[in-house]
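Residue numbers (mature numbering (1 follows the signal peptide of the UniProt record, and there is no 0)): -19 to -1, 1 to 296.
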């Protein structure tokens, strides 16, 4: 079910324009002298959200969840992306029985591991497996761990995304995003209010992310630290890639090498296949987003097509 969306954008300012909706904090609205006649009348000493109507588009949000960290970025993947550096996700592929905790720790400890690409689309892993592995990988039992937890969910869905983030994932990869409406839906399930519709409840985020949070408030700083990557895999997705890439809150656009061939009927190196890759490339770069792909595209083999501007990878 689709719901109304307030797009996510930078949280570093008191009042920021998010799509067509201006979101301002209570303090910022007070300083500007603006009175909003919506909400419940709490009396003359409380000039906010008064009147008979309540509307999320004009609601003045209270200070409960204000980011008081000064815009702290504690997610190392976000730090590297902001610095223009390459980032790599090491794949944790479910097997039967499920991948062991020590296997996860090994992947999270690789020299090129920035995040774990925990595979929930093409694997036998359950969310219980993922949560257990993430907790193990962040514990003293895995002291060599480098990678922060990340995941590819199976599809665009509130339950999938809620499970991923409540488990402690800080890099969220969403496959087969075909339309701008679906991209906006991804954003609404991923981010906390007022920039999205993520619910707050029981989770293991404090346990899993403790080594990176270092005392920071997870709820207050989450929206500034999540890394969100959408995958373009179908002809429809490529057709809409330019608009998808422009959606606020998306940081990376992934050209899915295997499924671009699967859905198009062409093979890497064929002009028609390369036309699709170029369209995804142009969409990401044109929107100022990171361009992502398989690890083989970081340093293409001699004779293989050049892959300029790719800076985030699945290994």
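The beta-carbon is built from N, C-alpha and C at its ideal position, and this holds for glycine as well.
All figures in this text were calculated on a predicted structure; none of them were measured in a lab.
(request) With DSSP as the reference, please indicate the residues paired to residue 293 in a beta bridge. (result) Against the chain shown, residue 293 aligns to sequence position 312. Looking at the DSSP assignment, residue 293 forms a beta bridge with 68, 273.
(request) Identify the continuous beta strand (DSSP E) that holds residue 97 and give its terminal residues. (result) Taking the first residue of the chain shown as 1, we reach residue 97 at position 116. Note, residue 97: beta strand (DSSP E), 96 to 100.
(request) Confirm, please, whether the CB-CB distance from residue 164 to residue 132 is below 8 Å. (result) Translated into the one-based positions of the chain shown, residue 132 becomes position 151. Translated into the one-based positions of the chain shown, residue 164 becomes position 183. Not closer than 8 Å, so no.
(message) For a minimum of 3 consecutive residues, which ranges assigned as the beta strand (DSSP E) are wholly contained in the segment 195 to 262?
(response) 208 to 213, 233 to 236
(request) Throw me the rounded Cβ distance for the residue 112 and residue 65 pair, which I believe falls under 8 Å. (result) Residue mapping note: residue 112 aligns to position 131 of the chain shown, counting from 1. Residue mapping note: residue 65 aligns to position 84 of the chain shown, counting from 1. Contact flag wrong, Cβ pair sits at about 33 Å.
(message) Taking the alpha helix (DSSP H) that residue 167 belongs to, which residues open and close that run?
(response) The sequence position of residue 167 within the chain shown is 186, counting from 1. 161 to 171 is the extent of the alpha helix (DSSP H) around residue 167.
(message) Given this structure, state the Cα-to-Cα distance separating residue 195 from residue 61, to the nearest angstrom.
(response) Position 214 of the chain shown, counted from the first residue, corresponds to residue 195. Position 80 of the chain shown, counted from the first residue, corresponds to residue 61. Approximately 18 Å, taken between the alpha carbons.
(request) Label residue 103 either buried or exposed according to how many other C-beta atoms from any shown protein chain fall within 10 Å of its C-beta, with 16 as the threshold for buried. (result) By one-based count along the chain shown, residue 103 stands at place 122. Burial call: exposed.
(request) Identify whether residue 140 lies in helix, strand or coil by the three-state DSSP scheme. (result) Indexing the chain shown from 1 puts residue 140 at position 159. Correct three-state label for residue 140: helix.
(request) Could you please give the first and the last residue of the uninterrupted alpha helix (DSSP H) stretch that includes residue 57? (result) Residue mapping note: residue 57 aligns to position 76 of the chain shown, counting from 1. That run of the alpha helix (DSSP H) goes 57 to 63.
(request) Return the CA-CA distance between residue 235 and residue 272, expressed in angstroms with no decimal places. (result) If you number the chain shown from 1, residue 235 lands on position 254. If you number the chain shown from 1, residue 272 lands on position 291. Computed Cα separation, rounded: 6 Å.
(message) Just to confirm the assignment, what range does the beta strand (DSSP E) spanning residue 131 have?
(response) Translated into the one-based positions of the chain shown, residue 131 becomes position 150. Taken as a continuous stretch (DSSP letters only), the beta strand (DSSP E) holding residue 131 covers 129 to 133.
(message) Among 269, 207, 134, whose alpha-carbon lies nearest the alpha-carbon of residue 158?
(response) Taking the first residue of the chain shown as 1, we reach residue 158 at position 177. Residue 134 is the option with its Cα nearest to residue 158.
(request) Using the DSSP secondary-structure output, state which residues sit across from residue 189 in a beta bridge. (result) By one-based count along the chain shown, residue 189 stands at place 208. According to DSSP, which records beta bridges pairwise, residue 189 is partnered with nothing at all.
(message) Here's the rule: buried if 16 or more other CB atoms are within 10 angstroms of the residue's CB, otherwise exposed. What is residue 97?
(response) Taking the first residue of the chain shown as 1, we reach residue 97 at position 116. Looking at its Cβ environment, which holds 16 or more other Cβ atoms inside 10 Å, residue 97 is buried.
(message) If the criterion is Cβ atoms closer than 8 Å, does the pair residue 318 and residue 127 meet it?
(response) The structure shown does not extend to residue 318, since the chain is modelled only from -19 to 296, so the question has no answer here.
(request) Could you check if residue 202 is buried or exposed, using at least 16 other CB atoms within 10 Å of its CB as the buried criterion? (result) The residue you call residue 202 lines up with position 221 of the chain shown. That one is buried.
(request) Just tell me which of 281, 276, 243, 288 has its CA closest to the CA of residue 258. (result) The sequence position of residue 258 within the chain shown is 277, counting from 1. Of the candidates 281, 276, 243, 288, the one whose C-alpha sits nearest the C-alpha of residue 258 is 288.
(request) Mind the definition here: the segment 140 to 155 touches the segment 172 to 182 only if three or more C-beta pairs lie below 8 Å; say whether that holds. (result) yes
(message) With distance defined between alpha-carbon atoms, name the residue in 267, 249, 270, 168 nearest to residue 277.
(response) By 1-based counting over the chain shown, the position of residue 277 is 296. Checked all of 267, 249, 270, 168; the closest Cα to residue 277 is 249.
(message) Counting C-beta neighbours from all protein chains within 10 Å, is the total for residue 239 16 or more, i.e. buried, or is it exposed?
(response) Reading the chain shown from its first residue, position 258 is the one you call residue 239. The residue is exposed, with fewer than 16 neighbouring Cβ atoms inside 10 Å.
(request) Please work out which residues of its chain come closer than 7 Å, Cβ to Cβ, to residue 232, disregarding the five sequence neighbours upstream and downstream, and give them in chain order. (result) As a first step, residue 232 must be located in the chain shown, where it is residue number 251. The answer, listed in chain order, is 62, 208, 209, 210, 270, 271.
(message) Relative to the C-alpha of residue 136, which candidate in 154, 129, 120 has its C-alpha closest?
(response) Working through the chain shown from its first residue, we reach residue 136 at position 155. Here the closest residue by C-alpha is 154.
(message) Using a 10 Å radius around the Cβ and a threshold of 16 neighbouring Cβ atoms, would you call residue 59 buried or exposed?
(response) Within the chain shown, numbered from 1, the residue matching residue 59 stands at position 78. It is buried - the Cβ of residue 59 has at least 16 other Cβ atoms within 10 Å.
(request) Return yes when the Cβ of residue 216 is within less than 8 Å of the Cβ of residue 222, no when it is not. (result) Position 241 of the chain shown, counted from the start, is the residue given in the question as residue 222. Position 235 of the chain shown, counted from the start, is the residue given in the question as residue 216. The answer is no: Cβ separation not under 8 Å.
(message) Just to confirm the assignment, what range does the beta strand (DSSP E) spanning residue 155 have?
(response) The residue given as residue 155 occupies position 174 in the chain shown. Start and end: 152 to 155.
(message) Just list the residues that DSSP pairs residue 73 with in beta bridges.
(response) In the chain shown, residue 73 corresponds to position 92, counting from 1. Its beta-bridge partners are 99.
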